[in-house]
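To start, the structure itself, in structure tokens.
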Amino acid sequence: MRKIDQAFQLSIRYTDKVTNRVDFIHTNEKKTFILKKKSDQERARMEAQLLQDLHRKEQPVPVPLKTTSNEYTVQSQDSFYVVYSYLDGHLIAAETLLDQQALVKQSGYALAKLDNALLEVSDYHPFRKRHVYTSLYHNIIPFMKKEAIALDVVHLLTELADEMLLLEQLPTQLIHRDPHYRHFLYFEDTVNGIIDLELVEENIRVLDPCYFATSVLRDVYSSPADVDRWFPAIKAFFRAYHQENPFTIQERKAFWLTLLSIEAVMIAFFSHDEERMEKNRSMFLWLYENRQLFDELIHLR
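Anchor point for the sequence shown: position 120 equals 120 in the UniProt record's numbering, and the numbering is continuous, going up by one each time.
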């Protein structure tokens, strides 16, 4: 920590560990910063430069600090460390979010603005390019077949293969890629921060709002009453996004397919954890059976 203190000249008083790679830094000047441990220095630099550009576009993202040698990272052993500004705000439980449709709408507006800003800087930041359709049919499904994981889901995805080709027609750009609702910080009646952009990549834009939607569903899925409240809230979320950053008609037709794709990826990702895998499998089947809900979103205004 002394090396970090010297590099960023923070005058650290004490730290609080959040996770094994994240700490709060508290300084003698009563300021708070976020310290994150990274394994890839170049990726860390790219993310820091992107955050600076997004901050200049007035996006509520953490701002990385520079060291006395004008770098974003400090190396200690085999790891690299980045220090970020602290954003005021608090997390909201999924059940609480469903009760506060105004905040759901604010989340839609905020993510739409962020994605619009990411589009504007896409040409200047060479993050990896991926595509939902390619990942699903060239990697995820073959893996699930080989390991005999959720073969009922594999069967349904195989039947949907032709329809899933719609995903290949969708616009791509830099996206957050991990806009879990718990990566949104709320202050009073607005979104005051969107954090954790470590997974930024070029992919279909619609993946971002669909990921937000599934993250909320995942955390309320054990409560049938909350699941019933989920779609009306998410409909308001998609409408708010659309008002700020309009979806194409093809994107609106692809909401359901994208949601299924996300759950398939989660099934494969948690294949080592039977409880989590089964939860995502159940969510996939629920989404599959409720397609008519998402057909309503084709006519967003």
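All C-beta atoms in this analysis are idealised placements derived from N, C-alpha and C, irrespective of residue type, glycine included.
- Pro126 is the residue among Pro246, Ser271, Pro126 and Val220 whose C-alpha sits nearest the C-alpha of Glu202.
- Taking all protein chains shown into account, Lys3 has fewer than 16 neighbouring C-beta atoms within 10 Å of its C-beta and is therefore exposed.
- Going by beta carbons, Tyr181 and Phe212 fall inside the 7 Å limit.
- Contact between the segment 70-83 and the segment 37-53 is established, with three or more Cβ pairs separated by less than 8 Å.
- Per DSSP, the beta-bridge partners of Pro64 are Tyr84.
- Per the coordinates, the alpha-carbon of Thr158 lies some 10 Å from the alpha-carbon of Leu151.
- Distance from the Cα of Ile298 is smallest, within the candidate group Glu278, Lys279 and Val206, for Val206.
- Within the segment 108-146, complete alpha helix (DSSP H) segments of at least 4 residues are found at 132-135 and 141-146, given in chain order.
- The residues Gln59, Glu244 and Asn245, in chain order, have a CB closer than 8 Å to that of Lys113 in the same chain once the five nearest residues on each side in sequence are set aside.
- The shortest C-alpha to C-alpha distance from Ala240 to any of Leu91, Gln52 and Ala102 is the one to Ala102.
- Judged by pairs of C-beta atoms under 8 Å, the segment 160-170 does not touch the segment 209-225, as fewer than three such pairs exist.
- Sequence-distant Cβ neighbours of Ala48 in its own chain, meaning closer than 7 Å and more than five residues away, are Pro64, Tyr72 and Val82.
- Going by DSSP, Glu163 is part of the alpha helix (DSSP H) stretching over Ala161 to Met164.
- In this model, His55 and Leu156 are separated by some 42 Å (Cα to Cα).
- Between Gly108 and Tyr186, the C-beta gap is not smaller than 7 Å, which leaves the two residues out of contact.
- Pairing Thr134 with Phe270, the inter-Cα distance amounts to about 20 Å.
- Take Asn280, set aside five residues on each side of it, and the residues of its chain with a beta-carbon closer than 7 Å to its own are Glu263, Met266, Ile267 and Phe270, in chain order.
- The C-beta of Lys31 has fewer than 16 other C-beta atoms within 10 Å across all chains shown, which makes the residue exposed.
- Under the 10 Å beta carbon count, Leu35 is surrounded by 16 or more other beta carbons and is classified as buried.
- When the alpha-carbon of Tyr288 is set against those of His242, Leu259, Asp273 and Asn116, the nearest one is in Leu259.
- It is roughly 10 Å from the alpha-carbon of Lys235 to the alpha-carbon of His242.
- Judged by their CB atoms, Ser261 and Leu170 are not nearer to each other than the 7 Å cut-off.
- For Ile249, the number of other beta carbons within 10 angstroms of its own is below 16, and it is reported as exposed.
- Per DSSP, Glu168 lies in no alpha helix (DSSP H) and is assigned neither H nor E.
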